[in-house]
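Have a look at the structure below before the remarks.
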Amino acid sequence: MKIVVIGGTGLIGSKLVKKLREPEQEVVAASPASGVNSLTGEGLADALKGTSVVVDVTNSPSWEDAAVLKFFETSTRNLLDYEAAAGVGHHVALSVVGTERLLESGFFRAKLVQENLIKASSNSYSIVRATQFFEFVQKIADMSTEGNKVRLPPVLFQPMAADDVASAIGRIAISSPVNATVEIGGPEQFRLHELVRRDLAARKDPREVISDPHARYYGIQVSERALVPSDGARLGETRFEDWLRQSTKQLPKAGRQGA
Ligand SMILES: NC(=O)c1ccc[n+]([C@@H]2O[C@H](COP(=O)([O-])OP(=O)(O)OC[C@H]3O[C@@H](n4cnc5c(N)ncnc54)[C@H](OP(=O)(O)O)[C@@H]3O)[C@@H](O)[C@H]2O)c1
């Protein structure tokens with residue numbers, strides 16, 4: 326079985342490629358560096374020859390509204406068209422839990438366009454919606470930082486390790502298409518500001534985290550349950566504290582400051 330991972334050099338893509346590599350599976354890590362560009366279509370026809378499964382774990386290099394929409398719309402159309410022409414039997418795409426609740430953001434409007442194109446196509450598919458990655462927590466802090474303060478709404482938050490995201494996508498990629506959306510999330514729920522506070526403290530980052538119901542997440546207002554998956558979600562195993570301990574092990578004694 327040949328599996329092509331579009332965005333195979335990214336955070337999730339590189340972990341996924343490692344997990345999928347088995348003697349009976351040919352796995353291609355595709356990205357612009359290897360001559361495969363989903364936005365322009367360059368290299369797709371060649372890369373998809375003889376392919377059974379395509380996993381799309383790309384992300385847009387720019388999160389500006391028009392750029393991110395152009396990226397996910399054009400890239401998804403290209404992938405679906407080239408896959409149909411090559412006879413690929415399963416399109417797997419990574420999206421985000423709660424996308425339809427976050428449409429004040431251009432990024433999530435673009436992700437919804439991506440999902441809808443897949444659903445409207447004649448390709449067999451599995452859409453995997455994940456909650457935020459543990460690895461993304463520092464970026465959340467950076468986006469909400471003013472001076473030495475990080476203001477965040479105290480909403481529920483159920484993030485997961487990128488490694489668990491890759492494992493879940495890997496299992497879905499080698500199974501039959503579900504032609505539906507599967508949700509995945511972390512094993513525990515937190516309050517967003519508390520988790521960010523724990524992450525920064527473990528990194529000896531001196532920023533103060535403030536719980537503010539009017540603060541924005543990712544530049545938008547979010548409701549209490551906007552970021553958490555529904556009851557049937559498949560949950561990862563890695564607990565935040567264990568991941569944090571591992572990821573801060575190599576820090577120099579003086580710690581590291583965020584953005
Ligand atoms: N961050 C979160 O917490 C979160 C939560 C749920 C879902 N997601 C979703 O997860 C997905 C992957 O995220 P990630 O953090 O793994 O992304 P990432 O680390 O930024 O990797 C993005 C990948 O896309 C590739 N790429 C960029 N432009 C491309 C193009 N024109 N053609 C082909 N490949 C291209 C990149 O290649 P280069 O190596 O050349 O840059 C890279 O391999 C995103 O769609 C995101 O929406 C994220």
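Under this note's numbering, residues 326 to 584 are what the sequence shown spells out, in order.
No residue lacks a Cβ here, since even glycine has one placed at the ideal position from N, Cα and C.
In the structure shown, what three-state DSSP assignment does residue i receive?
i: tyrosine 543; result: coil
i: leucine 373; result: coil
i: alanine 584; result: Only weak support is given to the placement of alanine 584: the predicted model assigns it a pLDDT of 33, under 50, and the question is left unresolved by the model.
i: glycine 495; result: helix
i: aspartate 488; result: helix
i: glutamate 566; result: helix
i: alanine 455; result: strand
i: arginine 559; result: strand
i: lysine 466; result: Note that residue 466 is alanine in the sequence shown, not lysine. Alanine 466: helix per DSSP, three-state reduction.
i: valine 521; result: helix
i: glutamine 571; result: helix
i: alanine 298; result: Shown here, the chain extends from 326 to 584; a query on residue 298 therefore has no answer.
i: arginine 426; result: helix
Taking all protein chains shown into account, decide if residue i is buried (16 or more other Cβ within 10 angstroms of its Cβ) or exposed.
i: phenylalanine 459; result: buried
i: phenylalanine 461; result: exposed
i: glycine 332; result: buried
i: lysine 340; result: buried
i: serine 447; result: exposed
i: serine 356; result: buried
i: glycine 338; result: buried
i: lysine 436; result: buried
Determine the extent of the alpha helix (DSSP H) in which residue i is found, giving its start and end residues.
i: serine 400; result: 390 to 411
i: glutamate 440; result: 431 to 445
i: arginine 528; result: Taken as a continuous stretch (DSSP letters only), arginine 528 belongs to no alpha helix (DSSP H), as it is neither H nor E.
i: serine 339; result: 336 to 345
Work out the CA separation of residue j and residue i for me, nearest whole Å.
i: aspartate 530; j: arginine 522; result: 9 Å
i: glutamine 439; j: glutamate 408; result: 15 Å
i: serine 555; j: serine 420; result: 15 Å
i: leucine 336; j: glycine 368; result: 22 Å
i: valine 475; j: methionine 468; result: 8 Å
i: proline 538; j: proline 478; result: 5 Å
i: alanine 551; j: alanine 418; result: 21 Å
Have a look at the options and flag the residue whose alpha-carbon is nearest the alpha-carbon of residue i.
i: glutamate 562; options: Thr470, Phe433 and Gly511; result: Gly511
i: serine 385; options: Val379, Glu471 and Phe396; result: Phe396
i: aspartate 567; options: Pro538, Met485 and Thr506; result: Met485
i: glutamine 457; options: Lys444, Tyr542 and Thr401; result: Tyr542
i: proline 509; options: Leu477, Leu520 and Ile494; result: It is worth fixing the name first, because residue 509 is isoleucine in this sequence and not proline. Of the candidates Leu477, Leu520 and Ile494, the one whose C-alpha sits nearest the C-alpha of isoleucine 509 is Ile494.
i: leucine 405; options: Val380, Arg346, Val490 and Arg426; result: Val380
i: valine 482; options: Leu394, Ile465, Arg516 and Ser492; result: For clarity, residue 482 is phenylalanine in the given sequence; the question names valine instead. The shortest Cα separation from phenylalanine 482 among Leu394, Ile465, Arg516 and Ser492 belongs to Arg516.
i: threonine 383; options: Thr399, Glu351 and Ala370; result: Thr399
Just curious, the beta strand (DSSP E) that residue i is in, first and last residue?
i: alanine 354; result: 351 to 355
i: threonine 506; result: 506 to 510
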